[in-house]
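Visitor:
Number of protein chains: 2
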Amino acid sequence: MRDRASRLPGVADFARESDTPTGRVLDFCVVFQYIQSVLKVLIMAELTGVQKQYILHWGEMGTRWGINRTVAQIHALLYLSPRALAAEEIAETLSVARSNVSTSIRELETWGIVRAVHVLGDRREHYESMKDVWEMFRLVIEQRKRREIDPTREMLRRCLADLDPHEAGADYTRLRLEAMAGFFEAVTELHDQMKRLPTGTVRKLLRMGTKMKKVKAAG
Amino acid sequence: MRDRASRLPGVADFARESDTPTGRVLDFCVVFQYIQSVLKVLIMAELTGVQKQYILHWGEMGTRWGINRTVAQIHALLYLSPRALAAEEIAETLSVARSNVSTSIRELETWGIVRAVHVLGDRREHYESMKDVWEMFRLVIEQRKRREIDPTREMLRRCLADLDPHEAGADYTRLRLEAMAGFFEAVTELHDQMKRLPTGTVRKLLRMGTKMKKVKAAG
DNA sequence: ATTGATGTTCTGTTACTTCTGAAAGAACAG
DNA sequence: CTGTTCTTTCAGAAGTAACAGAACATCAAT
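Below you can see the structure in the form of structure tokens.
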């Protein structure tokens, strides 16, 4: 029953210990469980080669950017999936522990790029990924800015305040710190401006740039 | 002699086993070594509180972006240092093994943000960081793009090519892959355009944006 | 050739992150 | 209430990356 792909379960797999001396008694419950399990197997998305390729690559990319491999893989799977998936489906498809899925999903939820939805007739939570790529990256970037850029700006400001002008080399240190602080302020500025614009506009601006470049190259 | 900060070495620390029955004989070599060591200690940059703060924070930030802590710390140290530092100075200042410094410096060199320079009268290599913050980040971003964005674009293209249109759900997968590919193409476009502009222009554009925002807010 | 100083590569250890399986907890159906 | 299904939490196992120290390599001076 565990090796989903290799064989379908037989009814016998569900037979209870209620065997009689004359033979097995299959009650409704048993038959129902059997039917359910077969349906589950049929519904379970088998990964195509392309999907596997995408999910594996995405996982690797994640690790390079300080994002957990499993988290990234789950996101990739949900992004490609046309329907919301239950935690167990995710676990089986990616061959990871159920608990691992739980914590990973939670992380994706805190980023706001995955959310739980409910499917009629199913008590389990199903998870689906946001599909708007631009919005997704905007969210991730915003979070990371908050967690990494902002504290750095903070630190630089504190450093500049703490700088003792009587100390040897204070002038040079101040110069360097100010240059770095200037950069981070500018990045923040850029981010704020991007945030203000709706997704479509950024996309259009970029496309405009592309066209201009092409015209220039042609002319 | 190892605990640089705690005490200066005495001449006795260098005395050879050439002691005579009547008393110690200090030859020129010994005195010279002594003088050198004292000079070294005096020259060795003692980190100020602010410098420590900056270096530690930078190291932490590095780890979050998939950059080795030591690599980031060394960069921070060199960035703040008004003069090029020898490997051993770096090792002692940051309390890491020289071998670690060697490999870390090499990595910084491959990124092009640190380079070896020679100091007159010193056979050792000294290392200094690029000081132009904008240029530094441009270099790092360019490298990371090459190592991470480009392979991802590659993968997406391959996926789209490999997609079997007869397979179930191929249409949906194509949709998702194309959306993602579009995003990565746009990012590449943006990067190329930024690269084309000299550092100063990007800075000016940003500042312009800031001013516009301020005017708008005031008016 | 020898010695000492400097720089690099390799290897085993350490520290850290990720992951699993078990157990507890929560929601629900009968 | 009781058993079932689903989810979360947690402690420890497994895996990974960083690191120190040793061995090796290079070079300069003599």
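These protein sequences, in sequence, are chains A and B. Under the numbering used here, the first residue of the first sequence carries the number 1234, and numbering increases by one thereafter. Under the numbering used here, the first residue of the second sequence carries the number 1234, and numbering increases by one thereafter. All C-beta atoms, glycine included, are put in the ideal place defined by N, C-alpha and C. Since the model is a prediction, treat every value here as computed from it, not as a measurement.
1) Below 8 angstroms on C-beta distance, what does Trp1367 (chain A) contact in chain B?
2) Under 8 angstroms, with one C-beta from each stretch per pair, do the region 1354–1371 of chain A and the region 1320–1337 of chain A reach the 3-pair mark?
3) Please decide whether Leu1327 (chain B) counts as near chain A, where near means a Cβ-Cβ distance under 7 angstroms.
4) Give me whichever residues DSSP pairs with His1351 (chain A) in a beta bridge.
5) Answer with buried or exposed for Gly1256 (chain B), where buried requires no fewer than 16 other C-beta atoms within 10 angstroms of its C-beta.
6) Which one or two residues does DSSP pair with Leu1318 (chain B) in a beta bridge?
7) When you compare the region 1380–1388 of chain A with the region 1330–1343 of chain B, are there three or more beta-carbon pairs, one atom per stretch, that lie closer than 8 angstroms?
8) Applying a beta-carbon distance threshold of less than 7 angstroms, which residues of chain B neighbour Gly1294 (chain A)?
9) If you drop the 5 nearest sequence neighbours on each side, which residues of the same chain put their C-beta closer than 6 angstroms to that of Asp1260 (chain A)?
10) Would you call the region 1306–1318 of chain B and the region 1394–1412 of chain A in contact, with 3 or more CB pairs under 8 angstroms?
11) Taking only beta-carbon positions, decide if Val1283 (chain B) is within less than 7 angstroms of chain A.
12) Given a cut-off of 7 angstroms on the beta-carbon distance, is the pair Leu1396 (chain B) and Val1366 (chain A) in contact?
13) Identify whether Ile1346 (chain B) lies in helix, strand or coil by the three-state DSSP scheme.
14) Output, in chain order, the set of chain B residues within a Cβ distance shorter than 8 angstroms of Leu1396 (chain A).
15) Using only alpha-carbon positions, find the residue among B:Glu1368, B:Gly1354, B:Thr1343 that is nearest to Phe1416 (chain A).
16) Would you mind sorting Val1352 (chain B) into buried or exposed? The rule is 16 or more other CB atoms within 10 Å of its CB.
Guide: With the structure as the only source:
1) Taking the first residue of the first sequence as position 1, residue 1367 (chain A) is located at position 134. Going along chain B in sequence order, the residues near Trp1367 (chain A) (Cβ under 8 angstroms) are Phe1416.
2) Short answer: they touch.
3) In the second sequence, residue 1327 (chain B) corresponds to position 94, counting from 1. At a cut-off of 7 angstroms, the C-beta of Leu1327 (chain B) has no neighbouring C-beta in chain A.
4) Looking up residue 1351 (chain A) in the first sequence gives position 118. Looking at the DSSP assignment, His1351 (chain A) forms a beta bridge with A:Glu1358.
5) Within the second sequence, the letter at position 23 stands for residue 1256 (chain B). For Gly1256 (chain B), the predicted structure reports a pLDDT of 45, less than 50, and the residue's modelled location is therefore unreliable. A value from the coordinates is still provided. Answer is exposed; the Cβ neighbour count stays below 16.
6) The sequence position of residue 1318 (chain B) within the second sequence is 85, counting from 1. DSSP lists B:Tyr1360 as partners of Leu1318 (chain B).
7) no
8) Indexing the first sequence from 1 puts residue 1294 (chain A) at position 61. Position check: residue 1294 (chain A) holds Met in this sequence, whereas Gly was assumed. Chain B residues near Met1294 (chain A): Glu1381, Thr1385.
9) The count along the first sequence starts at 1 and reaches residue 1260 (chain A) at position 27. The predicted model places Asp1260 (chain A) with a pLDDT of 49, which falls under 50 and marks its position as unreliable; any figure quoted below should be read in that light. Excluding residues within five positions, none has a Cβ falling inside 6 angstroms.
10) yes
11) By 1-based counting over the second sequence, the position of residue 1283 (chain B) is 50. For Val1283 (chain B), the answer is yes, since a Cβ of chain A falls inside 7 angstroms of its Cβ.
12) Locating residue 1396 (chain B) in the second sequence gives position 163, where the first residue counts as 1. Locating residue 1366 (chain A) in the first sequence gives position 133, where the first residue counts as 1. Not in contact: Leu1396 (chain B) and Val1366 (chain A) (Cβ atoms no closer than 7 angstroms).
13) Working through the second sequence from its first residue, we reach residue 1346 (chain B) at position 113. It is coil, neither helix nor strand.
14) Translated into positions along the first sequence, residue 1396 (chain A) becomes position 163. Simply Val1283.
15) The sequence position of residue 1416 (chain A) within the first sequence is 183, counting from 1. Closest option to Phe1416 (chain A), Cα to Cα, is B:Glu1368.
16) Numbered from 1 along the second sequence, position 119 holds the residue referred to as residue 1352 (chain B). Val1352 (chain B) should be labelled exposed.
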